[in-house]
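Worksheet: one structure, shown below.
Chains as they are written, first to last, in this note's numbering: chain A, 507 to 741; chain B, 159 to 383.
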């Protein structure tokens with residue numbers, strides 16, 4: 507009998523926490539979500555993630571697993587249920603490559619496309635569109651990056667769905683929701699409609715309220731410290 | 159896995175040398191093509207169009223990019239009899255290893271680069287980079303604890319991810335003004351052990367002096383001196 511699973515998340519509706527929740531729900535693993543106040547970090551968080559002090563953290567019995575994509579792979583390997591990663595080594599490598607790209611290359615310009623203005627915004631938009639074109643090509647008309655069902659890469663790219671849609675609505679900037687990336691637009695609809703995923707997706711209204719409240723802080727962090735900051739932006 | 163294996167690498171690249179170690183560890187025959195990063199080959203540009211970086215592993219004409227992704231690919235795909243696994247079997251142990259390999263990339267590499275890449279005279283930047291680099295090395299040393307290897311009794315995934323940075327320690331030391339042996343004696347000992355006890359490591363790493371000369375050359379080329 508597997509010990510209980512707790513997931514330390516945040517009030518922020520972070521896409522990193524969502525990755526962990528989506529993996530758990532897709533595998534059919536029951537869990538308790540603990541909402542962390544990131545302005546006032548608990549002993550539980552500091553004990554289980556002393557190195558980075560960030561969410562999500564998965565606590566499974568005695569084990570604490572940190573870093574969202576590491577958590578997704580852990581959930582895939584530790585629990586029975588439909589596989590999240592493909593079985594072929596080359597396909598697995600491709601999924602991991604594109605997931606890493608999201609965090610190291612796509613995230614920062616994507617976020618800054620919405621948070622900046624004028625020439626700065628134009629630059630980040632150009633970069634983001636190049637990245638989206640790569641992902642559109644990788645999707646290659648499939649329903650999901652994983653094929654017929656939601657998989658690891660869909661989960662890794664989930665910020666391109668609801669979170670990006672919220673940004674687009676708040677700023678009037680059109681990216682995934684526009685006409686340039688029809689495959690990604692359809693993918694975002696499919697992803698957010700998925701039965702398991704829907705249950706751990708924050709609502710548009712909730713996200714809008716969160717971002718409005720934190721916009722200035724989020725922007726200064728994203729501008730100041732590069733990729734690390736872009737990671738912190740949506741925490 | 160069948161097919162010809164080609165590695166695109168640059169001899170000082172810690173990322174590329176991770177792959178060298180892993181291929182030798184698994185006993186996989188491969189051909190290495192040396193890349194001049196100032197004049198990248200058409201093969202590199204076509205097989206890694208997104209990043210144009212080394213390493214790239216090309217198996218039967220199909221490229222795999224990003225060193226840690228390549229390590230997992232090698233582990234997934236080359237499990238012939240007698241070739242030990244890089245990652246442990248237990249899911250939690252695997253997650254633990256992946257966490258620490260990622261730490262090397264995001265914390266140690268990032269800080270280390272700032273140590274040697276700062277322009278001449280940028281003392282405050284170098285000092286900050288030195289502090290961060292030493293902090294990352296100490297954190298890694300604490301994770302090693304009393305074990306001979308990060309993987310336990312034998313070389314594993316985290317060891318392979320980290321040890322190619324050992325030839326870079328001399329460069330960090332000379333530009334940063336510290337020594338790894340003084341700050342992190344157990345980690346220095348671990349690096350020596352990796353080379354001494356594992357031919358796949360000894361055969362894969364450049365001389366520290368060669369790395370330093372390479373970096374000096376790069377600094378001149380970028381006008382940092």
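Beta carbons: idealized from backbone N, C-alpha and C, even for Gly.
Does the distance from the CB of residue 697(A) to the CB of residue 646(A) come in under 7 Å?
no
Pair every Cβ in the region 570–577 of chain A with every Cβ in the region 222–241 of chain B, then say whether three or more of these pairs are closer than 8 Å.
no
DSSP state of residue 682(A), grouped into three classes?
coil
With 7 Å set as the bound, which would you pick, yes or no: does the beta-carbon of residue 222(B) sit closer than that to a beta-carbon of chain E?
Judged by its chain identifiers, the structure shown contains no chain E, and its protein chains are A and B.
Please list, in chain order, the residues of the region 285–304 of chain B that have any C-beta partner in chain A closer than 8 Å.
297
Skipping 5 residues on each side, what residues in its chain have a beta carbon closer than 6 Å to that of residue 300(B)?
none
Pick from 512(A), 615(A) and 607(A) that is closest to residue 531(A), judged by C-alpha positions
512(A)
Within this structure, are the beta carbons of residue 599(A) and residue 227(B) separated by less than 7 Å?
yes
N- and C-terminal bounds of the beta strand (DSSP E) containing residue 165(B)
163–167
According to DSSP, is residue 237(B) part of a helix, a strand, or is it coil?
coil
State yes or no: is the C-beta of residue 521(A) within less than 7 Å of the C-beta of residue 669(A)?
yes
Residues that residue 522(A) contacts on chain B, provided the C-beta gap is smaller than 9 Å:
Simply none; closest approach about 13 Å.
Have a look at the DSSP bridge pairing and note the partners of residue 306(B).
According to DSSP, which records beta bridges pairwise, residue 306(B) is partnered with nothing at all.
Quick one: using the 10 Å Cβ neighbour count with 16 as the cut-off for buried, is residue 302(B) buried or exposed?
buried
Answer yes or no: do residue 325(B) and residue 363(B) have a C-beta to C-beta separation smaller than 7 Å?
yes
My understanding is that residue 582(A) touches residue 590(A), with C-beta atoms under 8 Å, so please give their C-beta distance in whole angstroms.
4 Å
Name the DSSP beta bridge partners of residue 742(A), please?
Examination of residue 742(A) is not possible in this model, given that chain A is present from 507 through 741 alone.
Looking at the strands, I want to know which residues DSSP matches up with residue 566(A).
511(A) and 569(A)
What are the residues of the region 576–599 of chain A that lie near chain B, defined by any Cβ-Cβ distance shorter than 8 Å?
576, 577, 579, 580, 583, 584, 595, 596, 598 and 599
To test your reading of the DSSP string, which unbroken beta strand (DSSP E) runs of 3 or more residues are found completely within the region 522–569 of chain A?
538–542 and 563–566
Three or more C-beta pairs closer than 8 Å, one from the region 713–722 of chain A and one from the region 537–548 of chain A: is that the case here?
no
Residue 712(A) at chain B interface by Cβ criterion, 7 Å:
no
Please return the same chain residues whose Cβ sits closer than 7 Å to the Cβ of residue 317(B), not counting the five positions on each side in sequence.
307, 308, 309 and 352
Any beta carbon from chain B within less than 7 Å of residue 571(A)'s own beta carbon?
yes
Contact list for the region 180–197 of chain B against chain A, Cβ threshold 8 Å:
none
What are the boundary residues of the alpha helix (DSSP H) that residue 358(B) is part of?
357–360
Name the DSSP beta bridge partners of residue 223(B), please?
214(B)
Assign residue 584(A) to one of three DSSP states: helix, strand, or coil.
helix
Can residue 274(B) and residue 369(B) be called in contact, C-beta distance under 7 Å?
no
Can you name, in chain order, every residue of its own chain whose Cβ lies under 6 Å from the Cβ of residue 290(B), other than the five neighbours on each side?
269
Taking only runs of the alpha helix (DSSP H) that begin and end inside the region 171–215 of chain B, which ones reach a length of at least 4 residues, in chain order?
172–184 and 200–205
Write down the C-beta distance between residue 327(B) and residue 338(B) rounded to the nearest angstrom, noting that I regard them as a contact closer than 8 Å.
5 Å
List, in chain order, every chain B residue whose beta-carbon is nearer than 9 Å to that of residue 603(A).
208, 222, 223, 224 and 227
Assuming the contact rule is C-beta atoms closer than 8 Å, residue 539(A) and residue 515(A) should be a hit. Round their C-beta distance to whole Å, please.
5 Å
Sort out for me which residues DSSP pairs residue 516(A) with in a bridge.
542(A)
According to DSSP, is residue 608(A) part of a helix, a strand, or is it coil?
helix
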